[in-house]
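Take a look at the structure below.
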Amino acid sequence: MSALTFLLLMIGAALHAIWNALIRGAKDRIATTMAVAGGSALFAAVVLPFLKQPASASWIFLALSTGIHLVSYSLVARAYHVADMTQVYPLMRGTAPLLTAIIAILWLHDIVPPLSWAGIVATSIGVGILVFARHQDWNRRGLFYALANAVTIAAYSAVDGAGVRQSQAPAAYALWVFLCTGLILCAFSLTQHGECFGRRLKENWWRGLVGGTGSALSYGIALWAMTRVPIPVVSAARECSIAFGTLIAVLFLKERMNASRLLATGMIVLGAVILRLA
């Protein structure tokens with residue numbers, strides 16, 4: 124992996140952790156999730172007219188991805204509603220690379236070098252430490268939503284990896300995903316909650332703009348990288364967001380940190396370094 128690709132993926136990972144922390148730190152997490160979706164749609168609508176548009180062969184992937192992203196947004200909000208960020212975020216983000224690798228290898232026939240596999244495994248071990256070190260106080264509902272979201276993350280990662288390679292326009296493809304997803308989520312919330320939704324959106328507008336922009340940029344970087352390196356490698360590298368997320372949760376959300384989380388973060392960083400060298 125080139126230094127530029129790695130650097131951009133780390134920036135994307137940090138952005139991803141930030142928008143998740145904005146949701147976790149909000150009083151109304153479901154409303155904040157909708158605000159982030161709306162913010163990403165607004166960002167996409169402003170930028171898309173200036174970009175080369177995706178090739179027609181990629182639109183079927185875009186439609187499928189939009190549906191999967193809708194499910195993912197719902198699961199993120201529900202997971203953070205019932206459990207700590209430091210519990211569910213590592214599980215739903217860190218389990219996805221292995222699932223993505225399986226899908227990408229079997230479906231897209233991606234070839235993953237042995238050293239890259241070592242990085243993926245190191246990342247997964249770090250996630251395992253984070254998850255299983257606190258087995259005595261697991262929140263079962265939170266774990267269920269996190270595991271379900273891991274499956275959706277793996278699914279849309281593989282679908283978008285295939286779609287962006289067909290699109291010939293990675294940035295526009297990513298923004299179309301967020302535009303479609305955000306408009307559908309906001310329209311649904313408006314029909315369900317009416318004026319209440321408008322008031323809640325107004326209260327969370329800054330989280331929506333910051334989180335939505337960060338979300339779109341983060342995923343756009345990942346899709347661009349998927350046109351240059353194997354999808355499983357990109358998926359694993361993005362999971363440095365777990366390390367950033369843990370840091371944010373401890374420093375700003377006042378969640379607990381212990382030796383096992385520190386060790387896990389070190390393993391995840393080690394995995395990222397291996398991927399950089401692969």
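Be aware that the sequence shown starts at 124, since it is given in my numbering, and climbs by one per residue.
For every residue, glycine included, the Cβ atom is placed at its ideal position computed from N, Cα and C.
Only counting the same chain, and skipping five residues up and downstream in sequence, which positions put a Cβ closer than 6 Å to that of residue i?
i	result
S138	Before going on, a small fix: residue 138 reads as Leu here, not Ser. G337, L340 and S341.
S163	F301, G305, G335, S338 and A339
A154	R323 and N327
I344	L131 and G135
I191	T275, A278 and Y279
Could you check how far apart the C-beta atoms of residue i and residue j are, in whole angstroms? I think they sit under 8 Å.
i	j	result
L302	A202	At roughly 24 Å, the Cβ-Cβ gap does not stay under 8 Å, so L302 and A202 are not in contact.
M157	L324	7 Å
A219	A178	That belief does not hold up - the Cβ atoms of A219 and A178 are roughly 27 Å apart, past 8 Å.
V205	R264	5 Å
Q176	A292	6 Å
Under the rule that 16 or more other beta-carbon atoms within 10 Å means buried, what is residue i, buried or exposed?
i	result
F311	exposed
R361	buried
L400	exposed
W328	exposed
H232	exposed
C319	exposed
Q210	buried
L238	exposed
Judging by CA-CA distance, which residue of the options is the nearest neighbour of residue i?
i	options	result
L386	A345, V194, G251 and A271	G251
A227	L270, A278, H192 and N272	A278
L165	M380, W299, A348 and M133	W299
L132	H192, N381, V357 and M390	V357
T275	L198, W347 and A366	L198
T388	H192, A206 and G217	G217
A126	A348, L332, P172 and G368	A348
F255	C309, I307, L308 and P213	P213
S383	A241, A140, L253 and V235	L253
Residues in its own chain within less than 7 Å of residue i by CB, not counting five upstream and five downstream?
i	result
G286	S181, F184, L185, S188 and Y296
D207	E378
L222	A273, V274 and A277
W230	A281
Looking at the ligand PLP, does it come within less than 6 Å of residue i, judged from the CB to the closest heavy atom?
i	result
L127	The ligand PLP is absent from the structure shown, which contains no ligand whatsoever.
Given residue i, which residues of its chain have a CB within under 8 Å of its CB, disregarding the five upstream and five downstream residues?
i	result
G161	G305, L308, C309, L324, G331 and G335
Quiz item: Looking at C-beta atoms only, is the number of pairs between the segment 174 to 186 and the segment 345 to 361 that lie closer than 8 Å three or more?
Solution: The answer is no - the segment 345 to 361 does not touch the segment 174 to 186, with fewer than three Cβ pairs under 8 Å.
Quiz prompt | Inter-stretch contact (C-beta, 8 Å, three-pair minimum) for the segment 382 to 401 and the segment 228 to 246 | solution = The segment 382 to 401, when compared against the segment 228 to 246, does touch it at the 8 Å Cβ threshold.
Quiz item: Using 8 Å as the threshold, is the segment 359 to 374 in touch with the segment 134 to 148, meaning 3 or more CB pairs across them?
Solution: Judged by pairs of C-beta atoms under 8 Å, the segment 359 to 374 touches the segment 134 to 148, as three or more such pairs exist.
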